[in-house]
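These notes concern the structure reproduced below.
Protein chains: 2
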Amino acid sequence: MVEDLHPAIAARLDGDGQRYTSGRRRLVEALVGAGRPLTAAEVLTEGALAQSSAYRNLAVLEAAGVVHRVAGSDEFARFELAEDLTDHHHHHLICTTCGAVTDFTVPDGLERAVDALALAVTATSGFHADHHRIDLYGRCAACA
Amino acid sequence: MVEDLHPAIAARLDGDGQRYTSGRRRLVEALVGAGRPLTAAEVLTEGALAQSSAYRNLAVLEAAGVVHRVAGSDEFARFELAEDLTDHHHHHLICTTCGAVTDFTVPDGLERAVDALALAVTATSGFHADHHRIDLYGRCAACA
DNA sequence: ATTTATGCAAATCGTTTGCAAACCT
DNA sequence: AGGTTTGCAAACGATTTGCATAAAT
Numbered sequence: 001m002v003e004d005l006h007p008a009i010a011a012r013l014d015g016d017g018q019r020y021t022s023g024r025r026r027l028v029e030a031l032v033g034a035g036r037p038l039t040a041a042e043v044l045t046e047g048a049l050a051q052s053s054a055y056r057n058l059a060v061l062e063a064a065g066v067v068h069r070v071a072g073s074d075e076f077a078r079f080e081l082a083e084d085l086t087d088h089h090h091h092h093l094i095c096t097t098c099g100a101v102t103d104f105t106v107p108d109g110l111e112r113a114v115d116a117l118a119l120a121v122t123a124t125s126g127f128h129a130d131h132h133r134i135d136l137y138g139r140c141a142a143c144a
Numbered sequence: 001m002v003e004d005l006h007p008a009i010a011a012r013l014d015g016d017g018q019r020y021t022s023g024r025r026r027l028v029e030a031l032v033g034a035g036r037p038l039t040a041a042e043v044l045t046e047g048a049l050a051q052s053s054a055y056r057n058l059a060v061l062e063a064a065g066v067v068h069r070v071a072g073s074d075e076f077a078r079f080e081l082a083e084d085l086t087d088h089h090h091h092h093l094i095c096t097t098c099g100a101v102t103d104f105t106v107p108d109g110l111e112r113a114v115d116a117l118a119l120a121v122t123a124t125s126g127f128h129a130d131h132h133r134i135d136l137y138g139r140c141a142a143c144a
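Protein sequences appear in the order of chains A and B. Per the working numbering, residue 1 is the first one in the first sequence, and the count goes up by one each step. Per the working numbering, residue 1 is the first one in the second sequence, and the count goes up by one each step.
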């Protein structure tokens with residue numbers, strides 16, 4: 001699926017009336033190479049684009065469903081590729097000291113239990129759930 | 001336990017070398033009355049204190065373990081009373097359209113499964129987990 | 001040729017900070 | 001009095017926007 005990644009992204013952008021420019025591609029490749037959510041500052045450094053272009057393109061990619069915004073414990077927005085592009089459903093370990101965010105996966109049974117809970121909440125309340133988050137907070141190896 | 005809330009808060013502040021001033025108490029009462037996480041703007045309006053005092057006191061209360069900071073889907077920081085003061089362990093429903101955050105609880109079995117997962121992660125990785133988060137994202141009743 | 005993307009610099013806005021006056025003990 | 005807290009106004013920093021140039025179709 002990784003070999004089909006860029007065509008899939010191009011298709012998604014096209015469906016949103018947007019082009020897959022070289023700057024956007026560099027930005028995506030920075031995210032692919034990282035394997036964890038990156039801050040805007042990391043993305044613009046790795047992708048070698050201007051600050052305004054990085055933010056504008058992250059917004060375009062987010063609107064097209066290519067990139068997903070992740071909130072951590074610090075003041076920096078972080079971005080990762082949408083899970084349906086990477087086929088890698090995961091959650092996050094968030095360091096409350098330095099703000100670092102890393103990926104991890106949880107057992108299938110737990111995922112199913114949370115999905116069932118989301119359905120129950122949607123059925124019994126006015127809130128329509130469509131996505132969940134199971135994160136662990138603590139100290140990363142570097143901050144322990 | 002609600003009748004012991006303010007003495008407990010005063011003790012926690014005192015342990016941190018801080019006083020429980022009237023402004024801090026108004027701020028706490030705004031959070032008690034809300035029953036959901038409040039933004040800094042909501043806190044300073046309800047507590048009728050200056051913006052700088054609201055932010056400074058929220059920081060003091062957070063450092064003393066009285067208040068806990070909650071990240072939502074928008075750009076506003078939100079604050080709630082620490083769970084060990086309210087004895088109300090809960091999670092959040094987060095509206096991806098308007099950013100509203102409301103409380104909800106999950107079944108005991110699911111809580112225990114996530115606690116067990118946190119222990120397993122701590123035992124097998126360099127990450128030391130001490131807190132978890134199970135949130136549902138979607139549309140609130142007003143935005144549906 | 002016309003539309004869209006880029007980069008620079010300036011603006012925006014939530015949050016933080018300096019400082020003098022008010023408060024507590 | 002001595003140290004702390006408050007409020008105002010100014011500063012800060014991540015993100016956004018205006019505008020002129022460059023690229024894509």
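We put the CB at the ideal spot given by N, CA and C, even for glycine. Since the structure is predicted, the reported quantities are computational estimates derived from the model, not experimental observations.
Contacting residues, own chain, Cβ-Cβ under 7 Å from residue i (five flanking each side not counted)
i	result
A/Tyr20	Ile9, Ala10, Leu13
B/Arg26	Gly47, Ala48, Leu49
B/His90	Asp103, Phe104, Thr105
A/Val114	His132, Ile134
A/Gln51	Leu44
8 Å contact criterion, which residue i and residue j should meet: CB distance rounded
i	j	result
A/His128	A/Thr122	5 Å
B/Leu110	A/Leu117	7 Å
A/Val101	A/Gly72	5 Å
A/Leu85	A/Val60	Their Cβ separation, rounded to whole angstroms, is 15 Å, which puts A/Leu85 and A/Val60 out of contact at 8 Å.
Given residue i as reference, the closest of the options once Cα atoms are compared
i	options	result
B/His88	B/Ala63, B/Ala77, B/Phe104, B/Gln18	B/Phe104
A/Cys155	A/Cys98, A/Pro107, A/Val28	With chain A covering 1 to 144 only, the question about residue 155 of chain A has no answer from this structure.
B/Val70	B/Asp108, B/Glu3, B/Pro107, B/Ile134	B/Ile134
B/Cys95	B/Leu136, B/Asp4, B/Thr39	B/Leu136
A/Ala64	A/Val114, A/Gln51, A/Ala82	A/Ala82
A/Ser125	B/Ala141, B/Ser125, B/Thr124	B/Ala141
B/Pro37	B/Gly15, B/His68, B/Asp74, B/Thr45	B/His68
Residue-chain proximity (residue i, chain A), Cβ-Cβ < 8 Å
i	result
B/Asp87	no
B/Asp135	yes
B/Val114	yes
B/Ala34	no
B/Phe79	no
B/Ala41	no
B/His6	no
B/Ala71	yes
B/His132	yes
Neighbourhood of residue i by C-beta, 8 Å cutoff - its chain only, sequence neighbours within 5 removed
i	result
A/Val145	There is no way to answer for residue 145 of chain A, as the model of chain A reaches only from 1 to 144.
B/Ala41	Phe76
A/Gly23	Gly47, Leu49, Ser53, Asn57
A/Arg145	A query on residue 145 of chain A cannot be resolved here, the shown segment of chain A reaching from 1 to 144 and no further.
A/His6	Tyr20, Arg25, Val28
B/Gly15	Ala64
A/Gly35	Asp103
B/Glu62	His68, Arg69, Phe79
Residues of its chain near residue i, where Cβ-Cβ distance is below 6 Å and the 5 sequence neighbours each way are ignored
i	result
B/Gly17	none
A/His92	Val101, Asp135
A/Thr39	Phe76, Arg78
B/Gly33	none
A/Asp74	Gly99
Short CB-CB distance (under 8 Å) between residue i and chain B
i	result
A/Ala118	yes
A/Val106	yes
A/Leu61	no
A/Cys140	yes
A/His128	yes
A/Val101	no
A/Val121	yes
Entirely within the region 85 to 118 of chain B and at least 3 residues each: give me those beta strand (DSSP E) ranges in chain order. 91 to 95, 101 to 104
Counting only runs that start and end within the region 16 to 97 of chain A, where is the alpha helix (DSSP H) found for 4 or more residues in a row? 22 to 34, 40 to 47, 51 to 63, 83 to 86
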